[in-house]
Amino acid sequence: MDMLVVQGGQPLRGRVTVGGAKNAALPIMAAAIAATGTTILRGVPDLVDVITLSHVLRSLGMTVERCGDGSLQLNAVDERPCLADYELVRRMRASVCVLGPLLSRRRRACVSLPGGCNIGHRPIDLHLKGLRALGAEITIERGYVFAHADRLRGADIYLGGSFGSTVTGTCNVLSAAVLAKGTTTISGAACEPEVVDLGDFLNAMGAKITGLGTPLLQIQGVSELNSVEYTVIPDRIEAATLLIAGAITRGELEVDNLRTSQLAAVIDILRGIGATIDIQGESACVSMSSAPVPIDVTALPYPGIPTDVQAQLTALLTLAQGISVVTDKVFPDRFMHLPEMMRMGANVRREGACGIISGVTHLSGACVMASDLRASAALLLASMAAKGESVIRRIYHLDRGYDHLERKLNSVGAQIRRVTDNADNLPTSLMLSLEDQASPVVDSSDMPPPPKYLLGRSTTRQATFDSSDH
Ligand code: EPZ
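Take any residue in the sequence shown, note its place counting from 1, add 17, and you have its number in the working numbering.
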């Protein structure tokens, strides 16, 4: 298992390029199940979630190959399998996106329920509601969704839920409706660019979808989808993460290959916080020379502030000149990053679906633990702004959703090392010596012996332990 060791205080300067969108690539890969022939996808990022879904698709009779030019080739060579096993789905809940394509193409599916995760309760009731409306017979037994349909038929479906629209729910129902008999309308559909990208991909294969990007989709069912070559859109969440990295380190960073129209809310809020953002076509240059301005921000379904950017914004606001409020209306429990930021000196607390952030003048490096994908990115941003060294553990969360993010950041001045997670790789600056432990009222000779993993370390701080000779 790896961890990141970060030397904070390095302003980012230079240019970075945004990769392909994870949350577009995943449903598009799944939709290739419904295609006849070989699908070629370009711009699919090289990250763990893509690798996991590739395994799921192979277990479903697909070949999935990464070619020399970076493209992904997918082909359904055996259409008999229909089981997406728990051992794979539990690693990535987005595997549930295979449900719609399996039903529409193979008329049956057995997909493990995805289970929960650290950002909150994540049911799939709306997915199942939409598929049932299309005529699928669905039961849930032993942790699996069993679904089959002799022929899906068009229906009028409302897909909104108590937290707004559902992104992967819309993807699943859309991927099923395109091969249903007759016309389907989906109201309360998700408008996220990743859903639009899936719809554009399906239309390129011969589907007939209108209304993409609006809450009302209309689908005229067709009998077959033909495989195509397709390029996935850039990742707006990675783009937002990079823009915030430039701001939090008080640098000047050019971020290329982004769609500014998909980042309107993020750019607006960063400008409100005091960042300068100059836009040139598909590039944006971010700079920030003073402390952030505190704000009240709410994460909402698109086109609002993405919930996937909430933690990263929180990191930036820990250094604001005053009190900020960050509310998440999509995942009200998505605040596991707050206690870790407190370890770095942030003054934050949670009040229900809100994080209350009282800005501090600086963060200090510490050992912290990632809890989910975007929380790990937020802790990386905070550690780059902090004074001193930080260690971020459980970065397998980061690797699920970012394509070697530390390489990109190091190319513009960050100092991040990926090392094996063990005591020998802990920076001595994060080791407490007796001086650190000593307090004005306690004689250091009364201090307990240092932890075993410190014994024998050849460092000046360790010398203090040895000289006290206890
Ligand atoms: C997608 O998750 C993204 N994942 C998430 O990104 C993102 O945070 C989320 O959309 C919201 O934008 C992928 O696209 C792979 P939802 P998804 O269904 O589809 C409730 C990341 O970091 N809901 O839009 O699972 C749900 O509990 C990931 O890249 C129901 O109630 O999210 C939530 O409160 C994390 N019933 C809200 O809707 C349902 O059947 C939005 O969830 C489905 C969802």
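All residues carry an ideal CB built from backbone N, CA and C; glycine is no exception.
- In the structure shown, threonine 293 falls within a strand segment according to DSSP collapsed to helix, strand and coil.
- Assignment of methionine 401 by DSSP, reduced to helix, strand and coil, places it in the helix class.
- Within the same chain, Cβ atoms closer than 6 Å to the Cβ of leucine 143 are found at Leu176, Gly178, Thr183 and Gly186, the five residues on either side in sequence being excluded.
- The Cβ atoms of proline 44 and cysteine 114 sit closer than 8 Å to each other.
- In the three-state reduction of the DSSP assignment, glutamate 246 falls in the strand class, which pools E and B.
- Residue burial annotation: glutamine 297 is exposed, with fewer than 16 other C-beta atoms found within 10 angstroms of its C-beta.
- A straight-line Cα-Cα distance of about 18 Å links glutamine 432 and methionine 361.
- Membership of alanine 42 in the alpha helix (DSSP H) is indicated by the continuous run 39 to 48.
- By the criterion of at least three beta-carbon pairs nearer than 8 Å, the region 88 to 96 is in contact with the region 54 to 61.
- In this structure, proline 323 has its beta carbon less than 7 Å from a heavy atom of ligand 1.
- In the structure shown, the three-state DSSP call for leucine 58 is strand.
- Between the alpha carbons of aspartate 167 and arginine 124 lies a distance of about 6 Å.
- Linking leucine 233 to threonine 266 through their CA atoms gives a straight-line distance of about 41 Å.
- Here DSSP, grouped into helix, strand and coil, assigns phenylalanine 163 to strand.
- In this structure, alanine 387 sits near leucine 415, with a CB-CB distance shorter than 8 Å.
- Residue state for lysine 346 is assigned as coil, using DSSP reduced to three classes.
- One alpha carbon belongs to arginine 32, the other to histidine 421, and they sit about 16 Å apart.
- Beta-carbon to beta-carbon, tyrosine 419 and glutamate 255 are separated by about 6 Å, close enough to satisfy the 8 Å threshold.
- For alanine 301, the enclosing beta strand (DSSP E) covers residues 300 to 304.
- Just so you know, the alpha carbons of leucine 397 and lysine 146 end up roughly 39 Å apart.
- Here cysteine 208 carries a coil assignment [DSSP, helix/strand/coil].
- Within the same chain, Leu334, Ala337, Gln338, Gly339, Ile340, Ser341 and Gly376 come within 7 Å of proline 311 by CB-CB distance, once the 5 residues on both sides are set aside.
- Valine 162 is a Cβ neighbour of leucine 130, given a cutoff of 8 Å.
- Inclusion of leucine 390 and glycine 372 in the CB contact set at 8 Å is not warranted, their separation being larger than that value.
- Taken through DSSP and simplified to helix, strand or coil, methionine 109 comes out as coil.
- For the 8 Å CB-CB criterion, isoleucine 412 and leucine 21 form a contact.
- Excluding its 5 nearest sequence neighbours in each direction, leucine 105 has C-beta neighbours in its own chain below 7 Å: Thr69, His72, Val73, Ser76 and Ser112, listed in chain order.
- Residue environment analysis places arginine 97 among the exposed positions, since fewer than 16 neighbouring C-beta atoms fall within 10 angstroms of its C-beta.
- Not one heavy atom of ligand 1 sits closer than 7 Å to the Cβ of glycine 216.
- Residue environment for arginine 288: exposed (fewer than 16 other C-beta atoms within 10 angstroms of its C-beta).
- In the three-state reduction of the DSSP assignment, serine 375 falls in the strand class, which pools E and B.
- Beta-bridge partners of serine 407 (DSSP): Val23.
- Taking 8 Å as the cut-off, the beta carbon of alanine 332 is found no closer than this to the beta carbon of alanine 281.
- Contiguous alpha helix (DSSP H) elements confined to the region 127 to 201 occur at 142 to 150 and 184 to 194, taking only those with 4 or more residues.
- Asparagine 442 is classed as exposed because its beta carbon has fewer than 16 other beta carbons within 10 Å across all chains shown.
- Going by DSSP, valine 65 is part of the alpha helix (DSSP H) stretching over 65 to 76.
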